[in-house]
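Heads up, the thing below is written out as structure tokens.
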Amino acid sequence: MNEASAVAAALAPAAFKSDIKPVWCPGCGDYGVVNALSKALAKLSLRPENVAIVSGIGCSSRIPAYTSCYGFHGVHGRALAAGTGLKIARPDLTVIVTGGDGDGYSIGGNHFLHACRRNVDMTYIVMDNRVYGMTKGQPSPTTEPDWDSKLSPEGTGLREFLPMVVALASGANFIARAFTGDPNGLAEVLVQAVRHPGFSFVEVLSPCITFRPEQLEWKKMVKPGALKPARDVARAARRMLRDDGFDLGVLYAGERAAYQPRGPRMAREAAELARGFAL
Amino acid sequence: MNRPSSAGDPAATRLASVSIALAGSGGAGVMTAGNMLLEAAAQAGYYALMTRSSGPQIRGGEAAAMVRIASCPIECMEDHFHILAAVDWENVYRFGSEIPLAAEGLIVGDPDAGEPHEIFTRSGAARASVPLKKLAKGIADGRPNMVLLGLVAGLIDLPEEAVTRAVEKTLGKRIAARAPSLAAVAAGRSAAASIERHYLLAPAARGGSERWLITGNEAAGYGAILGGVRFVAAYPITPATELLEWLAPSLAQVGGTLVQAEDELASINMTIGASYGGVPSLTATSGPGLALMVESLGLAVTSETPVVVVDVMRVGPSTGIPTKSEQADLNIALYGLHGDAPHLVLAPNSVADCLRTTQWAVNLAETLQSPAIVLSDQFLGQARAVIDRPEPGGMAPAGREVAAANATGYRRYAVTASGVSPMAIPGTAGVTYTADGLEHSERGTPSSQATDHAAQLEKRRRKLDSADYGGHWADVEGDGALAVVTFGSCTGPLREAVAAAAADGVPLRLISIRLLAPAQPQRLAAALSGVRKALVVEQNHTGQLHKYLHAECRFACEVSSLHKPGGAQFTPGELHRHLMDWSRA
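Chains X and U supply the protein sequences, listed in that same order. For the first sequence, our numbering assigns the number 12 to the initial residue and increments by one for each residue that follows. For the second sequence, our numbering assigns the number 436 to the initial residue and increments by one for each residue that follows.
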């Protein structure tokens, strides 16, 4: 095979998977994300070396090592920051930030707001299971207020965090919801998310059958195609008023230009800067 | 200190160094006048140093510009000021402790703008009055601060043409402001003739190398760029902000980027992310920001991602005194990371050295794939100085060792003899890996095996311990059976104190440590060879360097500690007295 055809040849989804066995429980929704992501990257005709998967801490944050792409498994809550630095420093790479609801909305909540605002051209996949799985069953920001647990007996009493509403208000340029029980639908949303310029946010309902076995019911509750992409923020916001958390599809596909470093960028020699100091 | 001279006496002794404080209420323009005085001194061929102080108000509070001008290179302020010149006296008393006046000093102010506070007059300094406002009013668009500048220039005999050039350069394109400013300066200079007491500067040492006018923060920024940094993410914080404000446009000129992050947690992680992508990266902050960054610095250690953090130290803990200098972040820089997390800690010891040390820190971080913390401080960072152009000095970069595409059997964290393993840069085919804060095997796969943990810990320690740091680990100066050991901004006043002690017949060795971690016990022992006793000098409340050196080094001599908390810098005279007493004890 000559070089030109090597570049042109799209890889099979399997080429985006590594040989490392996931730490996840059998039946975990996150397996579906590895599968869908592999399909999406193959469909996008990307190569593993040009994709970087960045994550924080939690069950779902283990995902980078299960791919054959470049991976960065950092500290809890800071994946969006690491991904932002990487994408700005290396705009040639496809950067995908991954994590869970605790990592993204609780400890990393501030970065979520500012990543939406900043609108760097990358994709953020949150695998939401409404529980801290790695620490074995504590409520997260998206957990129902009355969900009983050892750490919060009888529930937190706190209203759920609404990630898509926050993403919309904060300026994310592409917002969608998908379900791991529908890997083809998820793969299609991921393809759109990666292609869309600016910050793309994909909320993935990813059941934790170990600590939230009731989430097995999600497959009956989801409504594929219920969301239709709006270009208008106000329209998308109104649509969210009718959302029960199980409407699937693309909510919003905006036209805001992706982040660009401002000011004139030149390629001067570093030594030229010393002129400003010389008398 | 030097005796003042009389204007009328041509044979009068000229001073090698003169210190002037310009003060006034907000909006009086003393900072502008101070900057022009500094620039004029530079134009006249003098070395100079300016520090500034202001009230707690964000804008409009009282302000003081402290300027020292000398015929030889200087790295610190003097013990006393010769001249305190004020546009007015409103709240200027607040600078009483920062502007100690010499008994033979001079207080000069506008008789129509109140009286100097007793905190100044009790020094015994002479008093003189010049109607600054009236003189300024006599000139269309004339301003009292420009009269003040001319007055001071006259008192110290700064050449007229140097002051003119400084005024023109500072005003830049504001051509219309030139004539009134220069007329006001001339009026001030004429007024100086009526004052009996003058402080004439010794002639400037002309020639030699090119001179720069630069702050330590700017020097650190330039050093970073020379070291190859092309990505910076940071959050504003006093006194590091100017470093970032210099870097933002400068990085763009060399094709780099600065991102203002949402907080320091984001700054450090953006920096780590960019560096993982192969771009040398840096962030700058002060103590509170460094405290937020330490968890992620551990990630940089474990994932072996090069990154540089410049900590422009201020008084802590907590918010402390943001505008004052202290060397009390040494402990957090050395020990703040959880787990066994070897990393680099360096400290520049002068404004000029901020350039070299930051450049070296970038080189070391890249070569050793390690985080490096550079401990600058508020004094070094915000002092504006006339210096000889720093020599690019032998701290040549080895650079980051990267993995080749499709390298057979590539293992990102391979245990090598040097401890450094080639790093695959995203975009390189056939060597993809996941960088991890989890302990990992050589391949990078997360591992909870004790053997993997021990092997990786040892590798990460070895790469720092076995590196060749050459002669840059410290500046070792002088000789003698007595030694002073220090770091950072204490070095400047100590150099003068050691020179004064030598003039008194007490030769001293001065060791200013630039590479604080990893500790260099053997090099320190060699530098202390033949020393009978040593004194560790630092600016913090608990003697952090003294304790650290005791933990890391075996001393063959008696070692004691001299430390004081931040807020006020050590001065040469203060240290000279200490050194003389200590040498006799």
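For glycine and all other residues, C-beta sits at the position ideal for the given N, C-alpha and C.
Going by DSSP, name the residue or residues bridged to residue i.
| i | result |
| --- | --- |
| W647(U) | A289(X), I822(U) |
| R1019(U) | None; R1019(U) has no bridge partner. |
| M471(U) | According to DSSP, M471(U) bridges with nothing at all. |
| T718(U) | V744(U) |
| R881(U) | The sequence shown places Pro at residue 881(U), rather than the Arg named in the question. For P881(U), which the question treats as bridged, DSSP gives the partners H875(U). |
| I504(U) | V453(U), A483(U) |
| Y143(X) | Q149(X) |
| H998(U) | E973(U) |
| Y983(U) | Looking at the DSSP assignment, Y983(U) forms no beta bridge with any residue, so it has no partner. |
| R562(U) | I542(U) |
| M251(X) | Note: M251(X) sits in no beta bridge, so no partner. |
In chain order, what residues of the same chain lie with their CB nearer than 6 Å to the CB of residue i, ignoring the 5 residues before and after it?
| i | result |
| --- | --- |
| A499(U) | A456, A458, S488, F530 |
| G712(U) | P861 |
| F212(X) | Y135, A178, A183, I186 |
| G38(X) | I220 |
| A153(X) | The question names Ala, yet the displayed sequence has Thr at residue 153(X). Result list for T153(X): D112, D139, R141, E171, F172, in chain order. |
| I542(U) | L519, P551, F555, A560, R562 |
| G656(U) | L678, W681, L682 |
| E525(U) | S460 |
| L717(U) | A659, V664, V667, V743 |
List the endpoints of the continuous alpha helix (DSSP H) containing residue i.
| i | result |
| --- | --- |
| K230(X) | 229–232 |
| M133(X) | It is not in any alpha helix (DSSP H) - M133(X) instead sits in the beta strand (DSSP E) that spans 133–139. |
| R624(U) | 613–627 |
| I99(X) | 90–100 |
| E595(U) | 595–606 |
| R711(U) | First, the residue type needs correcting, since residue 711(U) is Tyr and not Arg in the sequence shown. Counting along the chain, the alpha helix (DSSP H) containing Y711(U) begins and ends at 699–711. |
| T802(U) | 786–803 |
| Y42(X) | 41–54 |
| E680(U) | 676–688 |
| L162(X) | Per DSSP, L162(X) belongs to no alpha helix (DSSP H) and is neither H nor E. |
By the three-class DSSP mapping on this structure, what secondary structure does residue i have?
| i | result |
| --- | --- |
| S440(U) | Its pLDDT being 44, under 50, S440(U) is placed unreliably by the model, and the measurement read from it follows with that caveat. Strand at S440(U). |
| Q149(X) | strand |
| P296(X) | Outside the modelled stretch of chain X, which goes from 12 to 290, sits residue 296(X), for which no answer is possible. |
| E550(U) | coil |
| S760(U) | coil |
| E912(U) | strand |
| P235(X) | strand |
| I946(U) | strand |
| F922(U) | coil |
| L584(U) | helix |
| L22(X) | coil |
| K568(U) | helix |
| P1007(U) | helix |
Please return the same chain residues whose Cβ sits closer than 8 Å to the Cβ of residue i, not counting the five positions on each side in sequence.
| i | result |
| --- | --- |
| T692(U) | R665, F666, V667, L686 |
| P535(U) | D514, H515, F516, S558 |
| R749(U) | T673, P674, S721, G722, G755, I756, P757, T758, K759, S760, E761, D812, Q813, G1001 |
Quick one: give me the first and last residue of the beta strand (DSSP E) that residue i is part of.
| i | result |
| --- | --- |
| V966(U) | Element bounds for V966(U): n/a, residue is neither H nor E. |
| L216(X) | 210–216 |
| S488(U) | 482–489 |
| L693(U) | 692–695 |
| L262(X) | 258–264 |
| S66(X) | 62–66 |
| S1021(U) | Outside the shown range of chain U (436 to 1020) lies residue 1021(U), about which nothing can therefore be said. |
What residues in its chain sit with their C-beta under 7 Å from that of residue i, if we drop five residues either side in the sequence?
| i | result |
| --- | --- |
| N130(X) | G182, N184, G209, F210, R267, A269, Y270 |
| A93(X) | V65, F83, G85 |
- Taking a cut of 9 Å between CB atoms, which residues from the segment 51–65 of chain X lie near chain U? Of all residues in the segment 51–65 of chain X, R58, P59, E60, N61, V62, A63, I64, V65 have a Cβ within less than 9 Å of some Cβ in chain U.
- Item | Residues, ordered as in the chain, of the segment 687–710 of chain U that lie near chain X by beta-carbon distance below 9 Å | Per Cβ criterion, the list reads A687, Q688, V689, G690, G691, T692, L693, V694, A696, E697, D698, L700, A701, S702, I703, N704, M705, T706, I707, G708, A709, S710.
- Item | Residues, ordered as in the chain, of the segment 656–669 of chain U that lie near chain X by beta-carbon distance below 7 Å | So the close ones are Y657, I660, L661, F666, A668.
- Message: Under 7 Å, CB to CB, which of the residues in the segment 183–198 of chain X have a partner in chain U?
- Response: Listed in chain order, the positions of the segment 183–198 of chain X with a beta carbon within less than 7 Å of a beta carbon of chain U would be empty, since no residue qualifies.
- Short-range partners of chain U found in the segment 258–282 of chain X, where Cβ spacing is below 7 Å: Cβ contacts with chain U: P272, G274, P275, R276, M277, A278, R279, A281.
- Message: Taking beta-carbon pairs under 7 Å, can you tell me which members of the segment 28–49 of chain X lie near chain U?
- Response: Within the segment 28–49 of chain X, the residues whose Cβ lies closer than 7 Å to some Cβ of chain U are I31, listed in chain order.
- Task: Residues of the segment 82–97 of chain X with a CB closer than 9 Å to any CB of chain U: list them in chain order, please.
- Result: Under the 9 Å Cβ criterion, the segment 82–97 of chain X contributes G82, F83, H84, G85, V86, H87, G88, R89, A90, L91, A92, A93, G94, T95, G96, L97.
- Item | Contact set between the segment 841–862 of chain U and chain X, restricted to residues whose Cβ is under 7 Å from the partner | Residues passing the 7 Å Cβ filter: P861, G862.
- Quick one, which residues of the segment 588–616 of chain U are near chain X if we go by CB-CB under 7 Å, in chain order? Answer in chain order: no residues at all.
- Item | Contact set between the segment 636–650 of chain U and chain X, restricted to residues whose Cβ is under 7 Å from the partner | So the list reads E645, R646, W647, L648, I649, given in the order they occur along the chain.
- Residues in the segment 881–893 of chain U having any Cβ partner in chain X nearer than 9 Å: If the cut-off is 9 Å between Cβ atoms, the segment 881–893 of chain U has P881 near chain X.
- Task: With 9 Å as the C-beta to C-beta threshold (strictly closer), list the residues of the segment 712–733 of chain U near chain X in chain order.
- Result: Taking 9 Å as the Cβ-Cβ cut-off against chain X, the residues of the segment 712–733 of chain U that qualify are G712, G713, V714, S716, E730, S731, G733.
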